[in-house]
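What follows is one structure encoded as structure tokens, with my remarks underneath.
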Amino acid sequence: MNINKFTKQEDFLEFIKNEHVIQEHIQFETDICSQHVNDNDFLLKGYCKVCDTQTNFLVDRLFGAQITEHGWTPNWRERLSCQQCQLNNRQRAILHVIKEAVKNNFPDNPMIYAMEQITPLFSSLSKHYKQVIGSEYLGENIESGSVVKNIRHENVEQLSFSDQSIDIIVSNDVLEHVNLPGKAITEMYRVLQPNGEVFMTVPFHANENKTVRRASINNGSIQHLLSPVYHGNPLSEEGSLVFNDFGWDLLEQMKAVGFKEVFLCNYWSDLYGYLGEIQYYFWACKR
């Protein structure tokens, strides 16, 4: 899998504008879609790096497939679910790069904290590694570190972990639901060991330099600054409110708290089922 790393918006936009490989990827995906115009779902053969075996990836119209004049385009980021582990594109990609990081940088049983617990991704982490802690957000009146019905609660703005106690932090589409993401980033830096690493995904607006605030909490009440947007939440039928639409200043926020290396990492692989025009994750290291 080829990974391209970026620290600046202009470099990233220049890359996707001029890189002929990007156009080849788009054409590859368009050709796939043209073969399934009348299908509600289909399977693509590939290799799952989580399962370490050949598999079929399910592609369907869930999670906002786009209807086009030529048919439909799936939400590649949220689909391409491995038929064995059930993990989608972005989840498998994060586990793939974590697997490589553990092999290269943390061979001695790393302590991993995942900002999720009742998910297939957390289950997969727990199967592969001995020291894995997961959590969910259960409510504002619960103390971080508490366990309620076998689910650990953590407010990521105020983690319960000791300083320098975690080797790897995994955060998948969590930070956009946090009122004060700067506090969460500060907490991640605090609890990481020196040379600890963060692997993070958020819905990211690559054309925007500044993060847009959609909502805030003032005196315990939610104030909507833009029309409310909710994402799926396994603990709530209503879903989780989006507080921020992140732009490139997210990288600067991470550097400001002390992270010496912060990258937006762009990836793509037809073999591993990592399709989509611009797929990415964020990586940061505490030196």
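Numbering-wise, the sequence shown is residues 69 to 355 according to the numbering used here. C-beta atoms are modelled at their ideal positions from N, C-alpha and C, and glycine is treated no differently.
Would you check if the segment 192–201 and the segment 253–263 touch, i.e. whether three or more CB-CB distances between them fall below 8 Å?
Judged by Cβ distances under 8 Å, the segment 253–263 makes no contact with the segment 192–201, as fewer than three pairs qualify.
State the start and end residues of the unbroken alpha helix (DSSP H) segment that holds GLY250.
For GLY250, the enclosing alpha helix (DSSP H) stretches over residues 249–259.
Taking Cβ positions, are PHE174 and ILE236 nearer each other than 9 Å?
Yes. Within cutoff.
Please list the segments of the beta strand (DSSP E) lying wholly inside the segment 86–159, counting only runs of 3 or more residues, in order along the chain.
Look at the segment 86–159 and you find these whole runs of beta strand (DSSP E), each 3 residues long or longer: 109–116, 121–128, 134–136, 139–141.
Should GLU222 be labelled buried (16 or more other beta-carbon atoms within 10 Å of its own) or exposed?
By the Cβ-count criterion, GLU222 is buried, with 16 or more other Cβ atoms from all chains shown falling within 10 Å of its own Cβ.
Does the distance from the CB of HIS104 to the CB of GLY132 come in under 9 Å?
Their beta carbons are not under 9 Å apart, which means HIS104 does not touch GLY132 by this criterion.
Apply the 10 Å Cβ neighbour rule to HIS292 and answer buried if 16 or more other Cβ atoms are within range, or exposed otherwise.
It is exposed - the Cβ of HIS292 has fewer than 16 other Cβ atoms within 10 Å.
Mind pulling the alpha helix (DSSP H) runs of 4 or more residues that sit fully within the segment 174–215?
If we require 4 residues or more, the alpha helix (DSSP H) runs fully inside the segment 174–215 come out as 188–196.
Using only the alpha-carbon positions, how far apart do LEU193 and VAL330 sit?
Using only the alpha carbons, I get a separation of about 23 Å.
Spatial neighbours of GLY207 within its chain, please: C-beta separation below 8 Å, excluding the five flanking residues on both sides.
Cβ neighbours of GLY207 beyond the five flanking positions: HIS221.
If you follow the alpha helix (DSSP H) that LEU319 is part of, which residue opens it and which one closes it?
Segment 317–324, the alpha helix (DSSP H) holding LEU319.
Residue range of the beta strand (DSSP E) that LYS278 falls in?
First-last for LYS278: undefined, no H or E at that position.
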